[in-house]
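S.K.:
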Amino acid sequence: MNSHDDPLYRLKLAKRSLAKAENDAVDGQWDDCLAEAQEAVENAGKAILGHFRPIPKTHDVIGPLKRLTDKGNLPDAIRQDIEASLDAFRNMGLATHIRAAYGDELTGTVPWELIQEPEATAGLEKARRAVALAESVYAAVSGEPPTVEPETPQSAEDDE
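Take any residue in the sequence shown, note its place counting from 1, add 116, and you have its number in my numbering.
This is the structure:
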């Protein structure tokens with residue numbers, strides 16, 4: 117992939133994960149909602165990073181995003197937008213990924229018993245903000261709106 121393709125690829129992943137998280141919230145599948153929200157946040161951050169530097173192999177993108185804003189080689193508007201939205205990436209990395217995917221192995225608590233609605237909906241709101249930021253940065257850097265409309269995943273209610 118080239119530097120133009122990487123951010124768009126990551127944005128597609130982020131938008132698909134966000135759509136799945138939205139459906140999981142409707143279905144009350146809080147562990148799946150949080151897992152997809154975490155994926156959306158991670159890929160949104162990587163979409164942003166991909167415009168300016170190689171994409172790191174990490175679930176935690178807040179550190180690389182902070183370093184990106186500290187370097188001083190970003191357009192001011194983009195730097196300000198990222199700095200204003202950093203909280204959307206906070207606590208949405210590896211620890212959240214593990215909780216939502218595996219639960220708590222020490223206590224033997226599975227994800228669907230561990231993750232409750234407030235935690236999942238907070239993660240979903242962060243995912244919405246992170247994806248919106250990634251779309252905004254993509255448009256600002258590429259000069260074109262991201263034409264990424266993910267297939268809407270089918271809700272379990274649609275199967276009935």
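Glycine residues also receive a C-beta, built at the ideal position from the N, C-alpha and C atoms. Predicted model only: the values in this text are computed from it and were never measured.
Tell me the rounded alpha-carbon separation between residue 134 and residue 184.
M.R.: Computed Cα separation, rounded: 24 angstroms.
S.K.: With a cut-off of 8 angstroms on the beta carbons, I'd call residue 128 and residue 247 a contact; round off their distance for me.
M.R.: No, residue 128 and residue 247 are not in contact; Cβ-Cβ is about 11 angstroms, not under 8 angstroms.
S.K.: Which stretch, first to last residue, makes up the alpha helix (DSSP H) that contains residue 311?
M.R.: This structure cannot settle anything about residue 311, because the visible part of the chain is limited to 117 through 276.
S.K.: According to DSSP, which residues form a beta bridge with residue 225?
M.R.: DSSP output for residue 225 lists 220 as bridge partner(s).
S.K.: Taking the straight line between their C-alpha atoms, what separation do you get for residue 240 and residue 164?
M.R.: 19 angstroms
S.K.: Tell me the rounded alpha-carbon separation between residue 126 and residue 150.
M.R.: About 18 angstroms.
S.K.: Can you list, in chain order, the residues of its chain whose CB lies under 7 angstroms from that of residue 245, leaving out five sequence neighbours each side?
M.R.: 201, 204
S.K.: Considering only residues of the same chain and omitting the five flanking positions on each side of residue 220, which have a CB-CB separation below 7 angstroms?
M.R.: 230
S.K.: Under three-state DSSP, which class holds residue 276?
M.R.: Note that residue 276 scores 48 on pLDDT, short of 50, meaning its location in the model is unreliable and no value can be drawn from it.
S.K.: Given a cut-off of 8 angstroms on the beta-carbon distance, is the pair residue 217 and residue 256 in contact?
M.R.: No, these two residues do not count as a Cβ contact at 8 angstroms.
S.K.: Starting from the Cα of residue 181, find the closest Cα among 198, 174, 191, 170 and give me that residue.
M.R.: Of the candidates 198, 174, 191, 170, the residue whose Cα lies closest to the Cα of residue 181 is 198.
S.K.: Below 8 angstroms between beta carbons: does that hold for residue 243 and residue 156?
M.R.: Remark: C-beta atoms of residue 243 and residue 156 approach each other more closely than 8 angstroms.
S.K.: Can you give the Cα-Cα distance for residue 177 and residue 168, rounded to whole angstroms?
M.R.: 14 angstroms
S.K.: Take residue 137 and list the residues in its own chain whose beta-carbon comes closer than 7 angstroms to its own, dropping the five residues that flank it on each side.
M.R.: 149, 152, 153, 156, 240, 243
S.K.: What residue range does the alpha helix (DSSP H) around residue 194 cover?
M.R.: 192-201
S.K.: Going by DSSP in three states, residue 260 sits in which element: helix, strand or coil?
M.R.: Residue 260: coil per DSSP, three-state reduction.
S.K.: Rounded to whole angstroms, how far is the Cβ of residue 210 from the Cβ of residue 175, which I believe are closer than 8 angstroms?
M.R.: 4 angstroms
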